[in-house]
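Enquirer: According to UniProt numbering, numbering within the sequence shown proceeds without interruption in unit steps and concludes at 385. For each residue, glycine too, the CB sits at the ideal point set by N, CA and C. Sharing a structure here in C-alpha cells format.
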Amino acid sequence: MKWLILPTVFWLIYYYPKVFREVVRGRYFLQAFMIKLAFAWISLCIVSAITVLLIEYRSITIPFCKRHFRWVILSYLSITLLYSLYCIQDPAQIYQTYGVDYMWIRGISYTTSAMSTFGWIGLTCCGIFFILLGSFSIAHYTQVKRLDEKNEVLLQHKFDTSNMGATVFVHSMKNQLLANRVVNKKIIELLEEPEPDLEKLKGYTRRLNELNEGMLRHMEELYKSIKNNAMYLMPISITQPVQLALIKFHEKYPEYEVQVNLKTQEMVLADEVHLSEAIYNLLTNGYEAAVEAHEDEAKVELITYSERLYTVIEVRDNGKGLSKEKLGKIFDPFFTSKNTNYNWGMGLYYVKKIIKGHLGSLRVESIENEGTHMFILLPKFSENT
Numbered sequence: 001m002k003w004l005i006l007p008t009v010f011w012l013i014y015y016y017p018k019v020f021r022e023v024v025r026g027r028y029f030l031q032a033f034m035i036k037l038a039f040a041w042i043s044l045c046i047v048s049a050i051t052v053l054l055i056e057y058r059s060i061t062i063p064f065c066k067r068h069f070r071w072v073i074l075s076y077l078s079i080t081l082l083y084s085l086y087c088i089q090d091p092a093q094i095y096q097t098y099g100v101d102y103m104w105i106r107g108i109s110y111t112t113s114a115m116s117t118f119g120w121i122g123l124t125c126c127g128i129f130f131i132l133l134g135s136f137s138i139a140h141y142t143q144v145k146r147l148d149e150k151n152e153v154l155l156q157h158k159f160d161t162s163n164m165g166a167t168v169f170v171h172s173m174k175n176q177l178l179a180n181r182v183v184n185k186k187i188i189e190l191l192e193e194p195e196p197d198l199e200k201l202k203g204y205t206r207r208l209n210e211l212n213e214g215m216l217r218h219m220e221e222l223y224k225s226i227k228n229n230a231m232y233l234m235p236i237s238i239t240q241p242v243q244l245a246l247i248k249f250h251e252k253y254p255e256y257e258v259q260v261n262l263k264t265q266e267m268v269l270a271d272e273v274h275l276s277e278a279i280y281n282l283l284t285n286g287y288e289a290a291v292e293a294h295e296d297e298a299k300v301e302l303i304t305y306s307e308r309l310y311t312v313i314e315v316r317d318n319g320k321g322l323s324k325e326k327l328g329k330i331f332d333p334f335f336t337s338k339n340t341n342y343n344w345g346m347g348l349y350y351v352k353k354i355i356k357g358h359l360g361s362l363r364v365e366s367i368e369n370e371g372t373h374m375f376i377l378l379p380k381f382s383e384n385t
C-alpha cells in the first residue's frame, strides 16, 4: 500500500508552488523530465486501476453480480476516459503559461489556443457524453438496488393482505378436505360390498393417508411462514447448517445422493436451525424439479464458496427451469407451479424470509429446459468486525 501512497504524497509536495519554484527554476530539462515522469505515473495508475477492475469482473461467478458489476465498471470507465482527456495537462502549465518550449505533448493544453472551433466542440461533446454515460450507469445500478428493496416490500404487502391470505388458506383447506371426502366415500362404498377388493381398499387407504400427511405438512409450512420466529445469530461454520439440511433431505429421499462440493468452510453469522431449513427447502425443490424433468438422471448439486463480500451457498438442479413470467413470481406467497393439493407455494417465500433475517439475500438464475441455480448470499463474518 505504501508504494501507492508515497508517490502521491511526493507529487503533492513537488507541485506545491513554493517547492515547485525552488526545484525547477532555471532547470528546464528537469522540469520536462518531471512532466514526463508525472504523466507516466498517472498512466500507470489508470492502467492498474482498469486492470484491477477487469480482474475483479472476471473473478465473479454469480451471473447477476456480474451483470450489476458491468454498470459499475462502465461508470468508472466513463470517469476515467473523461479524466484522460485532461490528465496530460501538467500543473506547470498554470505556473508558467508563458513557457511552452519544454512541453512534449501538443494536445489539450492550458497553453495551447491553436485548437479549432470544431476541436473545442468535440472536446465539450466528449466531456458531456462521458458524464452522461457515468451518470446513467450509476443510476441504473441504483435502480436495480431500489427495485430489490421495492420487491421485498411488495412481497411483504402481498402476504400481509389479510383478505387474500385468508381466502387462499380457506380455499386450500377446502380442496384438501374435498379430496379426503371423495376418497373416504370410495372406501365406504367398497366396504359395503359383499366381498371388498382388498387391493383397492389398501390403495384408497394409502391415498387418504398421503392427503392427510400432505395437509399436515403444508399447514406446518404455512405456520412457520407466518409466525414471528426469533433468530439467534451466532458464528458457526457454513458446513454446520449444510450438513443438517442434508440429513433432513436424506430422511425424506434416502435413495438419492446430493452432489456436495464444499469449497469453503468459512464462519458465518447464522441461526443453524433456520438456515438449515432454508437450504433443505431449496434442495427439496431442486430434487423434485429434476425428477420431474429427468426421472432417471435427476441431478442436484450443493456448493459453498466465497465470492467477493459474501459466503455463498448454491443449489443447482437440471430440472425444466422457469420461464421469465414464473421467475418473477416464485417468491410470491401462495404461488406454486406444482399440484396445489400437495404444495401451497410457501416454501420460497419462507426461505427468502429466513435469508433476509440473516442480513443476506436469495437470488435465482434459471433457463427453461436447462435448470435452475439458487444462490444464498450471506455477508462474510470476521471476528475483527
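Residues in the same chain with beta-carbon distance under 7 Å from PHE69, minus the five sequence neighbours each way, listed in chain order, please.
Expert: Position 69 of the sequence shown, counted from the first residue, corresponds to residue 69. Cβ within range, chain order: TYR57, ILE60.
Enquirer: For the pair the region 310-328 and the region 371-379, tell me if three or more CB-CB distances fall below 8 Å.
Expert: Contact between the region 310-328 and the region 371-379 is present, because at least three Cβ pairs lie under 8 Å.
Enquirer: May I have the straight-line CA-CA distance separating VAL242 from ILE50, to the nearest angstrom?
Expert: Start at 1 with the first residue of the sequence shown, and residue 242 comes out as number 242. Start at 1 with the first residue of the sequence shown, and residue 50 comes out as number 50. If I take the Cα positions, the gap works out to 38 Å.
Enquirer: Thinking C-alpha only, which one of GLU295, VAL351, LEU309 is nearest SER276?
Expert: On the sequence shown, position 276 is the one that residue 276 refers to. Checking every option, the nearest Cα to that of SER276 belongs to VAL351.
Enquirer: Does the region 361-368 come close enough to the region 287-304 to have 3 or more Cβ pairs within less than 8 Å?
Expert: no
Enquirer: Under 8 Å between C-beta atoms, does PRO379 make it to chain D?
Expert: Absence of chain D from the displayed structure is noted, only one protein chain being present.
Enquirer: Taking the alpha-carbon positions, what's the THR167 to ALA179 distance?
Expert: The residue labelled residue 167 in the question sits at position 167 within the sequence shown. The residue labelled residue 179 in the question sits at position 179 within the sequence shown. Confidence at THR167 is low in this model, with a pLDDT of 49, below 50, so the placement of that residue should be treated as unreliable; the coordinate-derived value is given next. THR167 and ALA179: Cα-Cα distance of roughly 18 Å.
Enquirer: How would you label TYR16, buried or exposed, when you count the other beta carbons within 10 angstroms and need 16 or more for buried?
Expert: Along the sequence shown, one-based indexing puts residue 16 at 16. Flag for TYR16 reads exposed.
Enquirer: Cβ atoms of ASP197 and LEU190: under 8 Å apart, would you say?
Expert: Within the sequence shown, residue 190 is the residue found at index 190, counting from 1. Within the sequence shown, residue 197 is the residue found at index 197, counting from 1. Yes; because the gap between Cβ atoms is below 8 Å, this pair is in contact.
Enquirer: Using only CA atoms, which one of LEU309, ILE376, GLU213 lies nearest to SER382?
Expert: Residue 382 sits at position 382 when you count from the first residue of the sequence shown. The shortest Cα separation from SER382 among LEU309, ILE376, GLU213 belongs to LEU309.
Enquirer: Tell whether a beta-carbon distance below 8 Å holds between VAL291 and PHE375.
Expert: The sequence position of residue 291 within the sequence shown is 291, counting from 1. The sequence position of residue 375 within the sequence shown is 375, counting from 1. Cβ atoms of VAL291 and PHE375: not closer than 8 Å.
Enquirer: Can you tell me the Cα-Cα spacing of ILE121 and LEU133, whole angstroms?
Expert: Numbered from its first residue, the sequence shown carries residue 121 at position 121. Numbered from its first residue, the sequence shown carries residue 133 at position 133. Between the alpha carbons of ILE121 and LEU133 lies a gap of roughly 18 Å.
Enquirer: Should LYS263 be labelled buried (16 or more other beta-carbon atoms within 10 Å of its own) or exposed?
Expert: For this step, residue 263 is matched to residue 263 along the sequence shown. With fewer than 16 other Cβ atoms within 10 Å, it is exposed.
Enquirer: Quick one, are the C-beta atoms of ALA270 and ILE247 less than 8 Å apart?
Expert: Taking the sequence shown and counting its residues from 1, one reaches residue 270 at position 270. Taking the sequence shown and counting its residues from 1, one reaches residue 247 at position 247. Result no, Cβ atoms of ALA270 and ILE247 do not sit closer than 8 Å.
Enquirer: Is it right to say THR304 is buried, meaning 16 or more other beta carbons lie within 10 angstroms of its own, or is it exposed?
Expert: Here residue 304 corresponds to residue number 304 of the sequence shown, with the count starting at 1. Per the 10 Å Cβ criterion, buried.
Enquirer: Using DSSP's beta-bridge definition, name the partner residues of LEU85.
Expert: As a first step, residue 85 is located in the sequence shown; it is residue number 85 there, counting from the start. Beta-bridge analysis with DSSP links LEU85 to no other residue.
Enquirer: With respect to the beta strand (DSSP E) encompassing ILE313, which residues constitute its N-terminal and C-terminal limits?
Expert: For the purposes of this step, residue 313 is taken as residue 313 along the sequence shown, with counting starting at 1. Residues 310-317.
Enquirer: Is the distance from the Cβ of ILE188 to the Cβ of LEU201 below 8 Å?
Expert: Counting from one through the sequence shown, the residue named residue 188 turns up at place 188. Counting from one through the sequence shown, the residue named residue 201 turns up at place 201. No, the Cβ-Cβ distance between ILE188 and LEU201 is not below 8 Å.
Enquirer: Under the three-state reduction of DSSP, which class applies to SER323: helix, strand or coil?
Expert: The residue given as residue 323 occupies position 323 in the sequence shown. SER323 falls in the coil class under three-state DSSP.
Enquirer: At which residues does the alpha helix (DSSP H) containing ASN369 begin and terminate?
Expert: Taking the first residue of the sequence shown as 1, we reach residue 369 at position 369. That residue, ASN369, is in no alpha helix (DSSP H); it is neither H nor E in DSSP.
Enquirer: Answer yes or no: do HIS274 and ILE330 have a C-beta to C-beta separation smaller than 8 Å?
Expert: For the purposes of this step, residue 274 is identified with residue 274 of the sequence shown, where counting begins at 1. For the purposes of this step, residue 330 is identified with residue 330 of the sequence shown, where counting begins at 1. It is not a contact, given that the beta carbons lie outside the stated cut-off.
Enquirer: Let's see if you can read the secondary structure: which residues bound the beta strand (DSSP E) around TYR305?
Expert: Within the sequence shown, residue 305 is the residue found at index 305, counting from 1. Its beta strand (DSSP E) spans residues 300-307.
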